[in-house]
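Worksheet: one structure, shown below.
Numbering (my numbering), first residue to last: 898 to 1265.
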């Protein structure tokens, strides 16, 4: 579906009769940001005395003026694009998740080291989720013995991502962590969990944590667990205030029976290209990046917008509380522990006295 219909006056017969001329759709801004001209007739709109009314001219002038702005906004939109080369040798995914990653950083008050790892985890989960269906989802977790104890990210195929970072020692908002080559440590686990339709239990894959960042562990996971040759690159950049300005990634995988030389070509091209962050900052679209990387033409299988979004709610938290013992709820009430915090998005919910009463009443009714 096109992003925008662009209309202007046409005088030729294809757009209507002489005086009752029509406004015609003359171009389409496509989902990839390209423009398809000369689309055809839109809908008949009468003009006054053979000329457009002032209001109509003003209206369509505004429409035309916003085309470039809409294209710019679309190009900056977080997206994940999945493709397959026409020769069947490679499948690939490119992602830009700058806004989603920055939203996560701001919600959790993360310093740059934690923000970078979470941005990579969000990208990794979204890359994998692009191969799923509907509301199937992926959970990526890295847990170790370093100053950052755990990084977790969840993504749905529909484009929703969320995640969090847990530090070994609680930190004040935004206080920088000392730079380290192994912020997650050297001992731990890297997990990929798939929650799929027609599967009662989640599918869990676990490998030993590798030194380095999420990208290193993601690549190792495919090598050991999936046993599929894979190239993974993530890139992040920060502004002068330590906030994420760019987060991007690319994933290229060899298909069964394909020539390994194809993947080596991709690695070579990645080494020759500028960092992904620079390409994105220069306005390079995901499809254009993949054109530069892949040695063969490809078919776009899907292009999905990405947003940081959490489905937590006050009612869901209250429902979870009903799984506790009545004595636990009474103790929370007595101690004034009435604030619930979602670890994935940082949203805070305060329970009022009447809500405690309702919870206890409902729980007591269940035990009778």
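Note that CB positions come from ideal geometry on N, CA and C, so glycine has one too.
Every value quoted in this text rests on a predicted model; they were computed, and no experiment measured them.
Going by C-alpha to C-alpha distance, which of the options sits closest to residue i?
i: residue 1005; options: 1159, 1061, 1054 and 1184; result: 1061
i: residue 1261; options: 1232, 1220 and 1240; result: 1220
i: residue 1162; options: 1000, 998 and 1150; result: 1150
i: residue 1100; options: 1263, 1092 and 1191; result: 1092
i: residue 1195; options: 952, 984, 960 and 1213; result: 984
i: residue 1118; options: 987, 1225, 952 and 1022; result: 1022
i: residue 987; options: 1237, 1192 and 1003; result: 1192
i: residue 1085; options: 1094, 1218, 1112 and 1041; result: 1041
i: residue 1133; options: 1217, 1180, 1096 and 995; result: 995
i: residue 1229; options: 1210, 1136, 1009 and 1253; result: 1253
i: residue 1010; options: 997, 1078, 963 and 1158; result: 1078
i: residue 1213; options: 1187, 1175 and 1244; result: 1244
i: residue 982; options: 1028, 1152, 1234 and 993; result: 1152
i: residue 1178; options: 1135, 1236, 1003 and 1222; result: 1135
i: residue 1185; options: 1003, 1210 and 978; result: 978
i: residue 1259; options: 1234, 1054, 963 and 1223; result: 1223
Hey, residue i and residue j: beta-carbon distance below 8 Å or not?
i: residue 1034; j: residue 1203; result: no
i: residue 1131; j: residue 1104; result: no
i: residue 1129; j: residue 1115; result: yes
i: residue 1020; j: residue 1144; result: yes
i: residue 1122; j: residue 1142; result: no
i: residue 872; j: residue 1015; result: Outside the displayed range of the chain (898 to 1265) lies residue 872, so it cannot be described from this structure.
i: residue 1045; j: residue 1080; result: yes
i: residue 1205; j: residue 1050; result: no
i: residue 1089; j: residue 1037; result: yes
i: residue 989; j: residue 1018; result: no
i: residue 1126; j: residue 1170; result: no
i: residue 1187; j: residue 960; result: no
i: residue 1176; j: residue 1190; result: no
i: residue 1054; j: residue 1076; result: no
In the DSSP assignment, the alpha helix (DSSP H) including residue i goes from what residue to what residue?
i: residue 1258; result: 1250–1264
i: residue 1187; result: 1183–1190
i: residue 1118; result: 1111–1118
i: residue 1162; result: 1157–1169
i: residue 1022; result: 1009–1026
i: residue 1223; result: 1223–1232
i: residue 1098; result: No alpha helix (DSSP H) holds residue 1098; DSSP gives it neither H nor E.
i: residue 1218; result: 1211–1218
If residue i and residue j are in contact, beta carbons under 8 Å, what's the gap, nearest whole angstrom?
i: residue 859; j: residue 1246; result: Nothing can be reported for residue 859: it is not among the residues displayed for the chain, which extend from 898 to 1265.
i: residue 1268; j: residue 1056; result: The chain is shown only over 898 to 1265; residue 1268 falls outside these bounds and no answer can be derived.
i: residue 1007; j: residue 1146; result: The Cβ separation is near 18 Å, so there is no contact.
i: residue 1082; j: residue 1043; result: 3 Å
i: residue 1026; j: residue 1052; result: 4 Å
i: residue 1256; j: residue 1218; result: 6 Å
For the beta strand (DSSP E) that contains residue i, what are its first and last residues?
i: residue 993; result: 987–993
i: residue 1144; result: 1141–1151
i: residue 1040; result: 1034–1041
i: residue 1046; result: 1045–1053
i: residue 1076; result: Note, residue 1076: premise wrong, no beta strand (DSSP E); not H, not E.
i: residue 979; result: 976–982
i: residue 1134; result: 1127–1135
Here's the rule: buried if 16 or more other CB atoms are within 10 angstroms of the residue's CB, otherwise exposed. What is residue i?
i: residue 1248; result: buried
i: residue 933; result: At residue 933 the pLDDT is 49, less than 50, meaning the model places this residue with poor confidence; the figure from the coordinates comes in the next sentence. Exposed.
i: residue 1165; result: exposed
i: residue 941; result: Model confidence at residue 941 stands at a pLDDT of 40, short of 50, so the residue's coordinates are unreliable; what they give is reported in the following sentence. Per the 10 Å Cβ criterion, exposed.
i: residue 1059; result: buried
i: residue 1198; result: exposed
i: residue 1183; result: buried
i: residue 1173; result: buried
i: residue 999; result: buried
i: residue 1106; result: buried
i: residue 1012; result: buried
For residue i, decide whether its Cβ has a neighbour in chain B, counting only Cβ atoms nearer than 8 Å.
i: residue 1215; result: Although the question refers to chain B, the structure presented lacks it and comprises just one protein chain.
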